[in-house]
Amino acid sequence: MVSFNEIAQKWQQKWSESKIFEADESGSKKKYYCLEMFPYPSSMGLHMGHARNYVIGDMFARYKRMNGFNVLYPMGFDSFGLPAENAAIKAKSHPKIFTEKAISNFIKQQKSLGLSYDWSRTLASHKPEYYRWDQWIFLQLFKKGLAYKKTSIVNWCSKCETVLANEQVVNGCCWRHDDTEVDQRELNQWYFKITDYAERLLQDLDKLDWPEDIKQMQSNWIGKSYGAELWFDVVDEAGKKIDTIKTFTTRPDTAYGITYLVLACEHPKVIEYTKGTEYEQKAKDFITEVKKKSIIERTAEGKEKNGMFLGKYFINPFTGEKCPLWIADYALYDYGTGAVMAVPAHDQRDFEFAKKYDLPIKVVINPHAFDLNPEKMTRAFVDEGTLVNSGDFDDSQNRDAIDEITKFAEKKGWGKKTVNYKLRDWLISRQRFWGCPIPIINCEKCEHVPVEEKNLPVKLPENVTFGKGNPLETSPEFVEVICPKCGGPAKRETDTMDTFVDSSWYYMRYCDAQNQDALFDPAKVNYWLPIDLYVGGKEHATGHLIYFRFFTKFLHDLGLVNVEEPAKQLFNQGMLHKEGVVMSKSRGNVVLPEEVSDKYGIDTGRLFLMFVASPEKDMEWDDHGVQGAYRFIRKFYDLIETKVEGDPDEKELSKLNSLIKNVTKYYESLEYNKAIIELMQFTNHFHQIGKISKVSAENLVRLIGPCTPHICEELWEKLGNKPFVSLAEWPKCNESKINPALEAEDVLVEQVRGDILRVLELVKLDPKKISLIISPQWKYGFYGKLKQELEKSRDFKALIGIVMDKDHGQDIPKIIQAVLKDAGKMPTHIFSQDHELKILEAARQKMAEEFKAEIVLVKAEDSKEAKANNAAPGKPAIIIS
RNA sequence: GCGGGGAUGCCGGAGUGGUCAAACGGGACAGGCUUAGGACCUGUUAGCUUAGUGCUUACGUGGGUUCAAAUCCUACUCCCCGCACCA
């Protein structure tokens, strides 16, 4: 028996030696860039869940290659990050050692999956050759004012001992530790000003061939809303103006209904306004109280709202009314201006708050049917309506008033039309060692001084102590530096960058991975970009997939790349489950590729992963199912290895071209499961027949090639072709050869045969001993004719079938049945489908072979001919009259 | 609450107006092969029946459109996944 493992190893070696998957920019082929999100090289290695992800991309890369594209299909490693650092701390070792060991293990595993990567372009983000250019990009951002340091409230994970970006906070918890709620801390941190790109990030979503849900998620995350900024004079008890405060609202039409204003706890004005007053301590206590609560507690919808009066007032310029200024936990400092103009009559949150603290409720919009009574309202009225109590705007429709009142406010200098985004600037500082150092020197005199480009990379020091705080701070050689600007003593920035910075441009580096002088050669990058197909998980929807779009736009603006969007098409693969839950090391339900390939060969594993479910769906790993895939592979191998003979007939050509057509269609749309079904049906058919033409065999091998590349290479060679099927041309469909009627014949023949077998079973007769009579086209006087026939051939035991014209009606079988009983014959089977002679002939042939019996077709109309055809006693025959 | 996606036979999973009791795979059952098991091959696998190409019931639930619905419309139920006091 063949060893699929030996075959796999043989071809993996040949691929590697011949470098056939290495890509360059020369030649006239059209380029195709196929990419999977590069992995974090976990020391756990990879399991079938990862494998599924890679095989999806690999099949497409192989498919495109065979279709004559110049395919770039690289792999690299997102190798900075916390797990390696933590492992190193535990083992009192260095993260680099862990990381590089993990990488070489990954590569080994990926190679044994038969993935067709161009390994000459591999990169790893922890290497100075790579992160040097992280730093370079940082400096460009810094120059443009898009990298800046500010003090603000940030999310802190106590387990990671570092700050997190907004995108890394999931349900109020750390994205790595879903049991650890993030704390709020006020820290001085580095940010990238992604908000400057909010509008473009939103607009360009339209251009992308990405799954709708991802686009929707990004759009929600960016959270654009149109509205107005309204400015209010803040006054003291006596009515003296002390300040102006800005609020953001999407409902300027309710401006006449403002009855109070709330500030978020973090709002700096809270301290300012209460300083030295009786409210100072109370406000501080209130803030402390609020901050004790977790993010979830504070921000979940429907939570009870708390607040307190701040002792100050403001003037609503629309009405001239003096209203109180409050602090409240439901106001978010992060959103808008951190201050909310409250209109309790028309906003549910404001309504609840006003009810609780007995603040006035003023109706300014009435429903069309009746007038609202603020005393009796049980909830805010948030629908459309007509303005009242709104000065000159009374009686206008609130929808129209939004714009009118905004214009009015602008004219009066009370505010302006504005657009607000939920998207926050990207916090990239991390207080950890195993990341890219931020290339900044902090000088007391000169503040943040960028490291000169020629001095890059700022390398991570070797002599650090892990354990407490940021290890970088423990290296005096790293920290203590001279300020490049003033020459005085200064300290190097010890924060490292979020690893999502590394992954924001790696796909560009693949285009020119070995470049020592620049982050890449723009010509090369422009040749390959954009990524034509990007394969990866949904979980990156509002993280990586926004960041890398931002970086692309920034590098575009620098003139380094032509494209504004990194990836044309995005494909989200489904998760692999086992025992009903996602396969993962921590759950302990992983299946390793090695286990599968040891038992069945890796092609079986690949086939199974692609066959069970469509790639974008979650699927369940099933050990029995794998055996099914294995059975198919063996059948397929056996067919091509031992049963290739002859030339294809018309029917085979028709089937073959249909196959090519359908499989191509399914590959193109990444519906591999459907493609494989077609391939199975085709293979099974010819396996059953017991032979296949060489033409079909060669096409079949090419069509399955991307899925099970190793055995296909082997079979391709066995068929007498030069290596490699991986480089062979994709079969072309010849539509003119497709003949559905011809293909349908097989089905009919099967039916006839099935019918006959069924009768044989019914009458418990051995097919070798029975006379078979099939009698079609009885038109007139069939009863008598049939009777005659029956009289003539006494030796038959069963009438197998009668084929009739459709217009004979339903009663004919009954009549025939009666005739048969009359003649004292065995029960029969009758079928009335309007079979063609050809089909009968095919069925006859098939059965003759199957039962090793001589079966002839006889035209019973002519009894001489019947005799001539051996329709004699004891001899099986099919009689046609 | 808002947004997105689902619900198909014992299981996974195709199917999106007729050719559907529904691809393909798994499982189960029966038969063949075999000393036996495995592997392999053949058949069966909604129910009732038959000489049968017949009847009934079925694609989450209830209504509707149509000569015809798993497929279209509508209401509802349940499941998953995002966002979530966003002013």
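Mind the numbering: the first sequence is residues 196 to 1076 in the numbering used here, read in order. Even for Gly, the Cβ is constructed at its ideal location relative to N, Cα and C. Given the structure is predicted, the values throughout are model-derived calculations rather than measurements.
CA nearest to the CA of residue i, picked from the options
i: aspartate 752; options: Val197, Thr469, Gln335 and Ile437; result: Gln335
i: phenylalanine 546; options: Leu667, Lys224, Lys500 and Lys410; result: Lys500
i: leucine 914; options: Gly531, Asn929, Ala892 and Pro904; result: Ala892
i: aspartate 578; options: His289, Phe745, Lys487 and Asp542; result: Asp542
i: threonine 573; options: Asp589, Ile556 and Leu804; result: Ile556
i: aspartate 219; options: Glu811, Ser315 and Phe233; result: Ser315
i: proline 519; options: Leu582, Tyr326 and Val429; result: Val429
i: isoleucine 348; options: Asn857, Leu622, Leu851 and Leu456; result: Leu622
i: cysteine 369; options: Phe548, Trp351 and Gln384; result: Trp351
i: alanine 433; options: Pro406, Ile510, Lys285 and Leu425; result: Ile510
i: methionine 261; options: Met503, Pro901, Trp405 and Ser307; result: Pro901
i: leucine 750; options: Leu765, Asn767, Leu714 and Val776; result: Leu714
i: phenylalanine 881; options: Phe831, Tyr325, Val197 and Ile522; result: Phe831
First through last residue of the beta strand (DSSP E) which encompasses residue i
i: glutamine 384; result: 378–387
i: methionine 536; result: 534–537
i: lysine 303; result: Where lysine 303 is concerned, there is no enclosing beta strand (DSSP E), although the alpha helix (DSSP H) it sits in stretches over 290–307.
i: histidine 643; result: 642–645
i: threonine 442; result: 436–444
i: lysine 763; result: 762–767
Enclosing alpha helix (DSSP H) for residue i [first to last residue]
i: leucine 802; result: 797–806
i: histidine 245; result: 243–261
i: alanine 824; result: 818–837
i: tryptophan 609; result: Here tryptophan 609 belongs to no alpha helix (DSSP H), and DSSP marks it neither H nor E.
i: threonine 859; result: 845–863
i: histidine 772; result: Unbroken run through histidine 772 is the beta strand (DSSP E), 771–773; no alpha helix (DSSP H).
i: phenylalanine 546; result: 543–552
i: proline 904; result: 904–913
i: valine 785; result: Segment: none, valine 785 is in no alpha helix (DSSP H) and carries neither H nor E.
i: proline 269; result: No alpha helix (DSSP H) contains proline 269, which DSSP labels as neither H nor E.
i: phenylalanine 746; result: 739–752
Euclidean distance between Cα positions of residue i and residue j
i: glutamate 356; j: glutamate 475; result: 33 Å
i: lysine 209; j: proline 323; result: 32 Å
i: arginine 619; j: glutamine 398; result: 17 Å
i: arginine 446; j: threonine 613; result: 12 Å
i: arginine 371; j: alanine 423; result: 38 Å
i: threonine 601; j: methionine 270; result: 53 Å
i: lysine 869; j: asparagine 415; result: 34 Å
i: alanine 1055; j: glutamate 938; result: For alanine 1055, the predicted model reports a pLDDT of 38, less than 50, meaning its position is unreliable; a value from the coordinates is still stated below. Roughly 29 Å separates the two Cα atoms.
i: leucine 910; j: lysine 419; result: 57 Å
i: glutamate 1081; j: glycine 309; result: Only positions 196 to 1076 of the chain appear in the structure, and residue 1081 is not among them; the question remains open.
i: aspartate 529; j: valine 756; result: 33 Å
i: isoleucine 899; j: histidine 739; result: 34 Å
i: aspartate 690; j: isoleucine 677; result: 18 Å
i: cysteine 641; j: glycine 682; result: 10 Å
i: isoleucine 636; j: lysine 794; result: 57 Å
Other residues of its chain near residue i: CB distance less than 7 Å, five sequence neighbours each side excluded
i: tryptophan 723; result: Lys226, Tyr228, Leu267 and Cys706
i: lysine 205; result: none
i: isoleucine 437; result: Val429, Val430 and Asp431
i: lysine 477; result: Met503
Whole-Å CB distance - residue i paired with residue j, under 8 Å assumed
i: threonine 469; j: valine 559; result: Actually they do not touch by this definition, with Cβ atoms about 30 Å apart.
i: isoleucine 389; j: phenylalanine 695; result: The Cβ separation is near 11 Å, so there is no contact.
i: glycine 800; j: methionine 243; result: 7 Å
i: asparagine 665; j: arginine 627; result: 6 Å
i: leucine 425; j: alanine 564; result: Going by Cβ atoms, the distance from leucine 425 to alanine 564 rounds to 30 Å, so no, they are not a contact pair.
Own chain partners of residue i with C-beta closer than 8 Å, once the 5 adjacent residues on each side are dropped
i: glycine 885; result: Lys838
i: lysine 486; result: Gln379 and Cys460
i: aspartate 373; result: Val365 and Asn366
i: glutamine 305; result: Leu241, Tyr249, Met270 and Tyr312
i: lysine 1016; result: Low confidence applies here, because lysine 1016 scores a pLDDT of 49, under 50, leaving its location unreliable; read the following figure in that light. Here the set comprises nothing.
i: leucine 802; result: Ala824, Phe827, Ile828, Ile871, Cys902 and Thr903
Cut-off 6 Å between Cβ atoms - residues of its own chain near residue i, not counting five sequence neighbours on either side
i: valine 538; result: Thr449, Gly452, Ile453 and Asp545
i: leucine 804; result: Arg247 and Val250
i: phenylalanine 199; result: Gly796
i: tyrosine 742; result: Phe695 and Ser699
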